[in-house]
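Residue numbers (my numbering), protein chains in the order written: chain A, 7 to 899; chain B, 140 to 212.
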């Protein structure tokens, strides 16, 4: 048989890895400049293709060669799972994104009240569970290399000459270069996703090419392969379900079902799948296309599995060559060495993709949930932002070395697919706690812990230990007679349960115990308040959006909580990143400057979620708790928990809102009401006490009382108006508004005011203005408000007011410029606040202090913005802009 | 007025159909020593059924008319 020189194979492999690296750097640069290449449903779908590893590429052919169609459940399961993507997966994604969850350990821990114990347990299960899977990739590449070059690296050579170890270390180095170049608090790796998508294309095309080569190059099409196989009595059973599993004439429906279920769960819960499908997802809508396009990818990559397997068996005969390397040995047997090299690169692609993403995902978990919490306790008060990257790199090397160790211990005795299934069964243990936690509010931390522990223990006993025992690393008789001769504990016939294959047997026991304990222990005790709060955030994620944490009352341990939180963030994120984060927050919360940030529940939550990206949610919660006490449940939270009915919840939310408004109203309005009331009372008392008051003075006083009363009723009306708007109960209409006509109407209404002050109003506007969709009466209110403001402030007798209307593609802008005293810079921010009026007390004109805030609310309701420009001595210029069309939420149109 | 069934509900139905169709005992219906166009029936049935499932999912997802509200998943 032909072979290739080792140097060529290595050269091609390294060149291919370098290409991947280039693509990743390019995608990272594009992302940095805001032109992401992965924001696309096709790229997303291809990145999920990381599901297809060396298992698919080499193992499936091996499986098909020994048991026919039984390689298929591994792909039918994920197909069914993806059909649930729009419900189950979308919910996972929504939860993960709102809670800033970055790994599967984080997800489980966060759901059950940010439990540190659960985070550790899930991380350990993932780490141990995934080792066989990593070993599978190493084994596949190593045996591929052996076939391709004709050399035997592993057999008999001392470990330092073992090519598999070299491959493991090379992959570790590559993964480190790939995924741990810098720390991103959101754990997103755009470059990696782009490279994985490319790998998916390469492995699919390579596999299809091999398939076509075998089917049409070596035979006369697939039908020919099948016809020849059917004619061969040794191969004919492979084309049927019954009889293809080693002489058993009945179809093992239970095993078929178990494999399908296992594969479906693995698609969702393997650490790397969680990474690409949930953490790296840019846009939820991509799930829609992926829900059919990913199954299509699976279908395509499986099309030629059976033809290749049968073709290999027909060509070499049974037992003459290892079916797992048919994709390489078939082209080699035809002298097509370059084609075999292409096939090897495809297989390398499949294996490296898995190793890279899995190692990055697992190293993130180990770092965030195992190492950082420990470092945190061991080195209190230090700058820890330098820790995560080296830790992650070390974990990646460790993971591959452990994978290599498993390969040495158990790898030789098993087929690729069987090794992979051991890992699948391990991650399937996450299903009860995770899916249960997403739909069942009664699930508790204790239940999840009990279920996971039992499931993991049974998995170890019934699947992991036997895999090691079969290679001779455990005493003979451990499998056949049970440990210490106790037959009931035989790992593969636990409690005497016989008649199942070892995988179905293990899955049955582990999931049974897992689900049973999860449910039973959860039912034994009601969830704590903390568990319940997280339960609501998870289960009702689609109902609670935008609401965030109801700002409960915080009890601070610290005297200067803001400073402490900033210090904390700097410790974990680094000084620069922390400064950026607080500056961002100040901008978004409206505080403007970092020093002016209100240290409230929202801030705490923000800091906590940012930290969660770097050190995991459980650690972040613990760290933040050193500054602030557990946010106590507000009455709103309690009500939400008690009332299941969403209608009641909605009413409660309205009540909460009204309650807040009431408080606002009382505190600010009392003061405003008192001033006119006092003067009304004073004048009334004067008139009562002095019956002989001259008629004209009495008349003057009554006039003042009337004016004050008018001001009072105006105030009350505006307060009500404001309250309605803030509670979202304002009546809004949408109609085409002619802005020219609007200005004319407003000027007419205010003409008397300007005439009294002797002011001249000029209007500048285009001849043609498109109409704008808004509420005409409300806009009129805004305009009249601005005009009457101008009228109040212009100098008597020499007032000049300029109204300009201008338009562009986006919308229209109206500005009202006066030549009054202007607004001093320190007051410009205040004029839009409630009950703050411009001017000092002496020359403050009569007004309610609500006109501008209301106007601004109206403009903002229609998607616009209002501003004040005023330079000293240049008068004031109030203006606002409105977009032509604006979708207003909750609009009754 | 009749409202269109949600995309979510349709996909759930399809998943249920697939789960039943690709499992014991229905799957054994195709397990016969028959060939169609030279391809064994069992293999053909699995891949064709799979393709039909994918086609139906694409049809449900890519058409614009199904309501797409934020219902609880």
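We put the CB at the ideal spot given by N, CA and C, even for glycine.
Can you tell me which of the three DSSP states residue i falls into?
i	result
residue 804/A	coil
residue 181/B	helix
residue 888/A	strand
residue 823/A	strand
residue 476/A	coil
residue 875/A	strand
residue 856/A	coil
residue 812/A	strand
residue 161/A	Legend: pLDDT at residue 161/A = 48, less than 50; position of this residue unreliable, value from coordinates given subsequently. Correct three-state label for residue 161/A: coil.
residue 817/A	strand
residue 723/A	helix
residue 370/A	helix
residue 632/A	coil
residue 108/A	coil
residue 650/A	At residue 650/A the pLDDT is 44, less than 50, meaning the model places this residue with poor confidence and gives no usable figure here.
residue 9/A	coil
residue 85/A	helix
residue 145/B	strand
residue 59/A	coil
How would you write the range of the alpha helix (DSSP H) that residue i sits in, first residue to last?
i	result
residue 48/A	47 to 54
residue 699/A	Premise fails: residue 699/A is in no alpha helix (DSSP H) and is neither H nor E.
residue 543/A	535 to 545
residue 138/A	122 to 155
residue 930/A	Past the edges of chain A, shown from 7 to 899, lies residue 930/A, and the structure says nothing about it.
residue 568/A	567 to 579
For residue i, return the contacting residues in chain A, with the cut-off set at a CB-CB distance below 9 Å.
i	result
residue 151/B	89, 90, 92, 93
List the residues of chain B whose Cβ lies closer than 8 Å to the Cβ of residue i, in chain order.
i	result
residue 632/A	Here the premise fails: no neighbours, minimum Cβ distance about 36 Å.
residue 297/A	150, 196, 200
residue 465/A	In chain order: nothing, as chain B lies at least about 24 Å away.
Please state if the CB of residue j and the CB of residue i are separated by a distance shorter than 8 Å.
i	j	result
residue 78/A	residue 297/A	no
residue 748/A	residue 786/A	yes
residue 824/A	residue 788/A	no
residue 307/A	residue 199/A	no
residue 414/A	residue 360/A	no
residue 109/A	residue 280/A	yes
residue 900/A	residue 287/A	Nothing can be reported for residue 900/A, as the shown portion of chain A is limited to 7 through 899.
residue 797/A	residue 765/A	yes
residue 780/A	residue 868/A	yes
residue 462/A	residue 475/A	no
residue 295/A	residue 47/A	yes
residue 34/A	residue 205/A	no
residue 678/A	residue 710/A	no
residue 454/A	residue 512/A	no
residue 615/A	residue 371/A	no
residue 356/A	residue 145/A	no
Which residues in chain B sit within 7 Å of residue i, going by Cβ to Cβ distance?
i	result
residue 457/A	Correct list: empty, because the minimum Cβ distance to chain B is about 22 Å.
residue 178/A	Neighbours of residue 178/A on chain B: none; closest Cβ ~37 Å, over 7 Å.
residue 310/A	Ordered by position in chain B, no residue passes the 7 Å Cβ test against residue 310/A, which lies about 11 Å from the chain.
Below 7 Å on C-beta distance, what does residue i contact in chain A?
i	result
residue 190/B	305
residue 158/B	86
residue 154/B	86, 89, 90
Kindly list, in the order they appear in chain B, the residues whose Cβ is closer than 9 Å to that of residue i.
i	result
residue 259/A	162, 163, 164, 166, 167
residue 301/A	189, 192, 193, 196
residue 266/A	158, 161, 162
residue 232/A	174, 177, 178, 179, 182
residue 228/A	177, 178
residue 236/A	172, 174, 179
residue 542/A	Per Cβ cutoff of 9 Å: no residues; residue 542/A is ~12 Å from chain B at best.
Considering only residues of the region 726 to 781 of chain A, which uninterrupted beta strand (DSSP E) runs meet the minimum length of 3 residues and lie entirely inside it, listed in chain order? Entirely contained in the region 726 to 781 of chain A, the beta strand (DSSP E) runs reaching 3 residues are, in chain order, 741 to 743, 766 to 770, 778 to 780.
Those runs of the alpha helix (DSSP H) which lie wholly inside the region 186 to 251 of chain A and span at least 4 residues: Here the runs fully enclosed are 196 to 218, 228 to 237.
Counting only runs that start and end within the region 274 to 347 of chain A, where is the alpha helix (DSSP H) found for 4 or more residues in a row? Annotation note: the region 274 to 347 of chain A contains the following uninterrupted alpha helix (DSSP H) runs of length 4 or greater, listed N- to C-terminal: 277 to 280, 292 to 308, 311 to 322, 332 to 339.
Whole runs of the alpha helix (DSSP H) within the region 373 to 452 of chain A, excluding any shorter than 4 residues: Counting only runs of 4+ residues, the alpha helix (DSSP H) found wholly inside the region 373 to 452 of chain A occupies 378 to 384, 394 to 416, 422 to 433, 436 to 445, in chain order.
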